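Novice: Before I ask anything, let me first share the structure, which is written out below as structure tokens.
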Amino acid sequence: KAGVTQTPRYLIKTRGQQVTLSCSPISGHRSVSWYQQTPGQGLQFLFEYFSETQRNKGNFPGRFSGRQFSNSRSEMNVSTLELGDSALYLCASRYRTGGDQPQHFGDGTRLSIL
Amino acid sequence: DQQVKQNSPSLSVQEGRISILNCDYTNSMFDYFLWYKKYPAEGPTFLISISSIKDKNEDGRFTVFLNKSAKHLSLHIVPSQPGDSAVYFCAASAAGGTSYGKLTFGQGTILTVHP
Numbered sequence: 010k011a012g013v014t015q016t017p018r019y020l021i022k023t024r025g026q027q028v029t030l031s032c033s034p035i036s037g038h039r040s041v042s043w044y045q046q047t048p049g050q051g052l053q054f055l056f057e058y059f060s061e062t063q064r065n066k067g068n069f070p071g072r073f074s075g076r077q078f079s080n081s082r083s084e085m086n087v088s089t090l091e092l093g094d095s096a097l098y099l100c101a102s103r104y105r106t107g108g109d110q111p112q113h114f115g116d117g118t119r120l121s122i123l
Numbered sequence: 044d045q046q047v048k049q050n051s052p053s054l055s056v057q058e059g060r061i062s063i064l065n066c067d068y069t070n071s072m073f074d075y076f077l078w079y080k081k082y083p084a085e086g087p088t089f090l091i092s093i094s095s096i097k098d099k100n101e102d103g104r105f106t107v108f109l110n111k112s113a114k115h116l117s118l119h120i121v122p123s124q125p126g127d128s129a130v131y132f133c134a135a136s137a138a139g140g141t142s143y144g145k146l147t148f149g150q151g152t153i154l155t156v157h158p
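Keeping their order, the protein sequence lines are chains A and B. Going by the working numbering, the first sequence opens with residue 10, and the numbers climb by one from there. Going by the working numbering, the second sequence opens with residue 44, and the numbers climb by one from there.
Pasting the structure below:
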């Protein structure tokens, strides 16, 4: 069974640019969540999507946005990139939102801002 | 405001012995707890979870204990193997409120198992 797939694995951008990251969940999973991992702040929740609707959002500025498509695939967009946005961005999926279900993670997209 | 804390940044254990990783939380709304293992350049891998209605859950070499009154959980690995060397993250979520659906992670503990 294929796991969560994130593309691209690595990305280099400059300040002020925007970026779109992609996530394909495990087949049959309809909930997709995004997390940011940095050395200083650790793993922090960005948002969760289920049935193409955002269900919850973390404490990130509006420059961070996402969407989910009818096939459950999700994209995350960051506009007006800042140096502090350099991080590992992780996507996680599960069958449905809420409840006692583990989230399964992809290997992430490493974003570097120059 | 760190709601999930792993106070030990690192732990070193001999192969074959028990590894005990600890985690404390402050949010009484948390009702589902998980442990993840992470290798460099990979995403976190789910290990084991426990619901707040239980105080113990086992899966092979891994056992998680939950003490709700102390807001404390621990992961026991017996016996420890060199391949267990990784960063271990404790995470928690809630069935409602602002923590609904999201995982709140601890800072991680680096486990090193020596042959």
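Backbone N, C-alpha and C define an ideal beta-carbon position, used for all residues, glycine too. Just so you know, these numbers come straight off a predicted model, no measurement behind them.
Check the Cβ of Leu77(B) against every Cβ in chain A and list those closer than 7 Å, keeping chain order.
Specialist: Working through the second sequence from its first residue, we reach residue 77(B) at position 34. Neighbours of Leu77(B) on chain A, chain order: Pro111.
Novice: Runs of 3 residues minimum, wholly inside the region 53-113 of chain B: which ones carry the beta strand (DSSP E) assignment?
Specialist: Listed in chain order, they are 53-57, 62-68, 73-81, 88-94, 99-102 and 105-110.
Novice: Kindly indicate the opening and closing residues of the beta strand (DSSP E) around Glu57(A).
Specialist: In the first sequence, counting from the first residue as 1, residue 57(A) sits at position 48. Here the beta strand (DSSP E) through Glu57(A) covers Gly51 to Phe59.
Novice: Leaving out five residues before and five after Gln27(A) in sequence, what residues of the same chain have Cβ atoms less than 8 Å from its Cβ?
Specialist: Numbered from its first residue, the first sequence carries residue 27(A) at position 18. Excluding residues within five positions, the ones whose Cβ falls inside 8 Å are Asn86, Val87, Ser88, Thr89 and Leu90.
Novice: Cα separation between Pro85(B) and Asn110(B)?
Specialist: Along the second sequence, read from residue 1 onward, the residue named residue 85(B) stands at position 42. Along the second sequence, read from residue 1 onward, the residue named residue 110(B) stands at position 67. It should be pointed out that residue 85(B) corresponds to Glu in this sequence rather than to Pro. Computed Cα separation, rounded: 31 Å.
Novice: If you run the structure through DSSP and keep just helix, strand and coil, what is Gly140(B)?
Specialist: Here residue 140(B) is taken as the residue at index 97 of the second sequence, counted from 1. Looking at Gly140(B) - three-state DSSP - the assignment turns out to be helix.
Novice: Quick check on this structure: which residue in Gly49(A), Ser60(A) and Gln50(A) has the alpha carbon closest to the alpha carbon of Ser42(A)?
Specialist: By one-based count along the first sequence, residue 42(A) stands at place 33. Ser42(A) has its Cα closest to that of Ser60(A), out of Gly49(A), Ser60(A) and Gln50(A).
Novice: Mind reading off the beta-carbon distance from Tyr68(B) to Lys114(B)? Whole number of angstroms is fine, and I expect it under 8 Å.
Specialist: Position 25 of the second sequence, counted from the first residue, corresponds to residue 68(B). Position 71 of the second sequence, counted from the first residue, corresponds to residue 114(B). The pair is a contact, with the Cβ atoms about 5 Å apart (cut-off 8 Å).
Novice: Does chain A have any CB closer than 9 Å to the CB of Ser53(B)?
Specialist: As a working mapping, residue 53(B) is identified with position 10 in the second sequence. So no, Ser53(B) is outside the interface.
Novice: Could you tell me whether any Cβ in chain B is nearer than 9 Å to the Cβ of Tyr104(A)?
Specialist: Along the first sequence, one-based indexing puts residue 104(A) at 95. Judged by the 9 Å Cβ criterion, Tyr104(A) is not in contact with chain B.
Novice: Can you find the residues in the same chain that come closer than 6 Å, C-beta to C-beta, to Gly140(B), ignoring five residues on each side of it along the sequence?
Specialist: Sequence index remark: in the second sequence, residue 140(B) carries index 97 (1-based). Hits under 6 Å: Met72.
Novice: Tell me whether the beta-carbon of Gln53(A) lies closer than 9 Å to the beta-carbon of Gln63(A).
Specialist: As a working mapping, residue 53(A) is identified with position 44 in the first sequence. As a working mapping, residue 63(A) is identified with position 54 in the first sequence. No, they are not a contact pair.
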